[in-house]
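Report on the structure given below.
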Amino acid sequence: QSVLTQPPSASGTPGQRVTISCSGSSSNIGRNYVYWYQQLPGTAPKLLIYSNNQRPSGVPDRFSGSKSGTSASLAISGLRSEDEADYYCAAWDDSLRGSWVFGGGTKLTVL
Amino acid sequence: QVTLRESGPALVKPTQTLTLTCTFSGFSLSTSGMCVSWIRQPPGKALEWLARIDWDDDKYYSTFLKTRLTISKDTSKNQVVLTMINMDPVDTATYFCARDARSGDSGMDVWGQGTTVTVSS
Chain A
1 QSVLTQPPSA SGTPGQRVTI SCSGSSSNIG RNYVYWYQQL PGTAPKLLIY
51 SNNQRPSGVP DRFSGSKSGT SASLAISGLR SEDEADYYCA AWDDSLRGSW
101 VFGGGTKLTV L
Chain B
1 QVTLRESGPA LVKPTQTLTL TCTFSGFSLS TSGMCVSWIR QPPGKALEWL
51 ARIDWDDDKY YSTFLKTRLT ISKDTSKNQV VLTMINMDPV DTATYFCARD
101 ARSGDSGMDV WGQGTTVTVS S
């Protein structure tokens with residue numbers, strides 16, 4: 001059972017805008033930054049969003065992140081077939097000594 | 001260019017100890033704010049963070065696995081080693097290491113390709 005909660009699946013058609021939610025608590029999302037990762041089949045995760053809403057160099061501006069309270073969202077606009085992947089949210093959790101926690105992942109299907 | 005590469009045995013027997021090495025380039029673990037984390041992913045399942053070692057040798061472990069894990073670094077060799085004792089078939093997974101940059105809050109920003117470990121007798 002993952003500490004952060006994501007919907008197991010999401011879908012959209014090319015050109016659409018889809019959002020993926022990530023719910024946590026006051027010890028993780030509530031007080032720390034949220035990160036989003038994209039994992040294409042058979043590959044390592046790739047950082048998509050850091051510090052809630054910042055894009056690393058090379059990530060298209062179709063991808064955006066937001067955070068409010070103990071929840072966060074990843075939005076993908078102008079959906080493309082190559083966006084079909086698993087998406088994970090992550091945050092540092094200040095419980096006990098501290099640790100990274102992940103969401104259970106959301107499988108995005110482009111119809 | 002930052003790169004990381006995981007290495008270790010592909011197959012271990014139950015109860016054995018797993019030793020994985022992360023060899024990296026493009027950054028130094030002696031630089032303030034630099035860290036390396038280990039993460040694993042069982043087949044078809046979600047990512048699970050295991051441990052982190054910081055530039056100042058501070059160490060953090062998964063609450064659920066901390067009794068089985070040890071992380072260490074060799075700054076001169078640009079390597080981080082993770083050991084996991086008492087391996088079980090449920091530990092079968094792909095194990096990743098990632099640069100974990102606390103400076104700039106960029107998080108686990110660059111990942112290795114992963115190494116697959118199967119636990120079976």
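Chains as they are written, first to last, in this note's numbering: chain A, 1 to 111; chain B, 1 to 121. Heads up, the beta-carbon is just placed ideally off N, CA and C, and yes, glycines get one too.
Query: Outcome for residue 49(A) when other beta-carbon atoms lying within 10 angstroms are tallied against a minimum of 16; Result: buried
Query: Pairwise C-alpha distance: residue 83(B) and residue 28(B); Result: 21 Å
Query: Any chain A beta carbon closer than 7 Å to residue 38(B); Result: no
Query: Contacts of residue 101(A) in chain B (Cβ-Cβ under 9 Å); Result: 49
Query: Chain A within 7 Å of residue 91(B), Cβ atoms only; Result: no
Query: Whether residue 7(B) touches residue 21(B) by CB criterion (7 Å); Result: yes
Query: Reduced DSSP secondary structure (H/G/I, E/B, other) of residue 75(B); Result: helix
Query: Chain-order list of residues whose beta-carbon lies under 8 Å from that of residue 146(A) (same chain, five-residue window excluded); Result: No statement about residue 146(A) is possible, as the shown extent of chain A runs from 1 to 111 and does not include it.
Query: Rounded C-alpha distance that separates residue 81(B) from residue 13(A); Result: 44 Å
Query: According to DSSP, residues forming a beta bridge with residue 1(A); Result: Answer is none; residue 1(A) lacks a bridge partner.
Query: Contact residues within the stretch 52–68 of chain B, judged by C-beta distance below 8 Å to chain A; Result: 52, 60, 61, 62, 63
Query: Partners in chain B for residue 97(A), counting only beta-carbon separations shorter than 7 Å; Result: 60
Query: Identity of the residue in 120(B), 52(B), 5(B), 37(B) nearest residue 87(B) by Cα; Result: 120(B)
Query: Residues near residue 77(B) in its chain [Cβ-Cβ closer than 8 Å; skip 5 each side]; Result: 23
Query: Residue 91(A) vs residue 53(A) beta-carbon contact at 7 Å; Result: no
Query: Buried/exposed call for residue 89(B), threshold 16 Cβ in 10 Å; Result: exposed
Query: Contact set between residue 96(B) and chain A, taken where Cβ atoms lie within less than 8 Å; Result: 44, 45
Query: Three-state secondary structure assigned by DSSP to residue 104(B); Result: helix
Query: For residue 39(A) and residue 57(A), the rounded distance between their alpha carbons; Result: 17 Å
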